[in-house]
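Remember, my numbering sits 363 above the position in the sequence shown when you count from 1. Notes follow once the structure below has been shown.
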Amino acid sequence: MISSKKIIYPFDVTLSHLTKNKKHSISFQSDDFALFNDDSLELMRSFPENHVDMVFADPPYLLSNDGFTCQNGQMVSVNKGKWDKSKGFDEDVKFHEAWISECRRILKPEGTIWISGTYHSIYQCGFLLQKLGFHILNDISWFKPNASPNLSCRFFTASHETILWARKDRRAKHYFNYEAMKNGDFPEDNIKKPQLQMRSVWSMSTPAPNEKEFGKHPTQKPLNLLKRIVLASTKAGDLIFDPFNGGGTTGLAAKTIGDRQYIGCDINKDYIDLTVKRYNRIVEQQKLFEGQL
Ligand SMILES: C[S@@+](CC[C@H](N)C(=O)[O-])C[C@H]1O[C@@H](n2cnc3c(N)ncnc32)[C@H](O)[C@@H]1O
């Protein structure tokens, strides 16, 4: 068993590593939440090694191939943005290998990584996790009961995403909040039975309208999904990193649960701005709840 003493760096120390030599600048910062508008590969290279407790990564699915899908009964383009265009199989694999390798370097030995994706990308990521020495703990099926119908009627309606959970080192003791997962309250999920072990199929609808009040990110994850992931795999004081922040759902889950430090990175400034609006709303709601407003 690898023994690694739990070192909690003050958040400021972590951020000063990242901003050393003015290589990266912080777009938004509070005492436990920071956002960088950057290429995450570059940002990760400035992290000290063995530093992060948990990574949640929702990388581009690289499926923006000019096709169409159905949304709310309307035909819409599948294109999410330039960031989601495939550069061909080999280049896509190189991209995934580069960022997963950096995640491995910055994770603590007992740290874990979650990677979400569809069949367009998840097999490449799973193969690379194994190639790079991670030990896969689970492949979660996130079933979407409200998935959009299939327009072509020539194959099944895609209605789930896969979320891989892996630990950096097979011999290290990773954290799993078994009690909270077994005995917690999950009213959004009709597969989870009260007081029984949490299984690897999770049923949850796509983000509710109130999660899009400031505009929506095209691949935004539901807050409940990330709350479950953060609660299952992190404890108080842990540092969470999301290299593909998007609308900031991972950080917002960490903020909602509390006592976590979060760093998110996105190459697109609009998504950083969206995250700040969503973050401020959560802080406002928390203050209201605590009677400070
Ligand atoms: C699948 S989305 C993440 C959605 C997010 N999980 C959420 O709930 O909103 C992927 C994000 O990665 C960003 N991205 C793509 N390439 C990037 C890179 N090299 N560095 C940083 N961000 C990148 C995109 O701008 C996009 O917002």
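Even glycine gets a Cβ: it sits at the ideal position worked out from N, Cα and C. Values in this document were obtained by computation on a predicted structure and should not be read as measured data.
Contacting residues, own chain, Cβ-Cβ under 8 Å from residue i (five flanking each side not counted)
i, result
"C488", "P422, H459, I463, I478, G480, L527"
"F506", "S522, H523, I554, V564, W565, S566, M567"
"S367", "At S367, the pLDDT of 49 sits below 50, so the modelled position is not reliable and the matter cannot be decided from this model."
"Y642", "F391, S393, F396, G611, G614, L615, K618"
"N513", "C433, F519, T520, A521"
"K383", "S409"
"L406", "L381, H387, F399, P606, C628"
"Q648", "none"
"Y372", "H414, L602"
"S651", "Residue 651 is actually Leu in this sequence, not Ser. Closer than 8 Å at the Cβ level, and outside the excluded window around L651, lies no residue."
"N509", "S568, T569"
"Q558", "K545, N546"
"V305", "Residue 305 falls outside the range modelled here, since the chain spans only 364 to 656, and no answer is possible."
Anticipated Cβ contact below 8 Å, residue i with residue j, distance rounded
i, j, result
"M417", "T377", "Contact doesn't hold; Cβ gap of about 14 Å is too wide."
"Q583", "P570", "5 Å"
"F391", "I635", "7 Å"
"N608", "L398", "7 Å"
"N442", "D429", "6 Å"
"Q493", "I485", "About 13 Å; that fails the 8 Å criterion."
"F497", "A529", "4 Å"
"P585", "E576", "With a Cβ gap of about 14 Å, P585 and E576 do not count as contacting."
Sequence-distant residues of the same chain with beta carbon closer than 6 Å to residue i, five excluded per side
i, result
"L381", "H387, S409"
"V646", "none"
"S403", "P606, C628"
"D502", "T525, L527"
"C466", "V418, I476"
"L589", "T612, T613, A616"
"Y482", "none"
"L426", "H483"
"V639", "F391"
"I389", "A397"
"S515", "none"
"R517", "none"
"I626", "A397, F604"
"S449", "L425, D455"
Beta-carbon proximity list for residue i, same chain, < 7 Å, skipping 5 on both sides
i, result
"I365", "Bear in mind that a pLDDT of 47 at I365, under 50, signals an unreliable position, so the number given afterwards is only what the model happens to contain. Excluding sequence neighbours, I365 sits near P472, D532, R534, A535."
"V415", "I469, L470, K471, G474, L602, F604"
"K632", "N400"
"L594", "N540, A543, I620"
"N587", "E551, M567"
"P411", "H380"
"F374", "D394, D395, Q624"
"G332", "This structure does not reach residue 332, given that the chain is present from 364 up to 656, and the question cannot be answered."
"W446", "P423, I630, N631"
"A461", "L404"
"M561", "M544, K545, K555"
Within-8 Å CB hit, residue i to chain C
i, result
"H414", "The structure shown has no chain C; it contains just one protein chain."
Mind the definition here: the stretch 587-601 touches the stretch 617-626 only if three or more C-beta pairs lie below 8 Å; say whether that holds.
The stretch 587-601 vs the stretch 617-626: in contact.
Which residue spans inside the stretch 381-442 form an unbroken alpha helix (DSSP H) run of at least 4?
Runs of the alpha helix (DSSP H) lying entirely within the stretch 381-442 and spanning at least 4 residues, in chain order: 403-408.
Entirely enclosed beta strand (DSSP E) segments - the stretch 501-579, minimum 3 residues:
Counting whole runs of 3 or more residues, the stretch 501-579 contains the beta strand (DSSP E) stretches 523-530, 564-566.
What residue ranges within the stretch 608-655 form continuous alpha helix (DSSP H) runs of no fewer than 4 residues, ordered along the chain?
Taken in chain order, the complete alpha helix (DSSP H) segments of 4 or more residues contained in the stretch 608-655 are 612-620, 632-652.
Please go through the stretch 435-493 and give each complete beta strand (DSSP E) segment of 3 or more residues, from N-terminal end onward.
With a minimum length of 3 residues, the continuous beta strand (DSSP E) runs that stay inside the stretch 435-493 are 437-440, 470-480.
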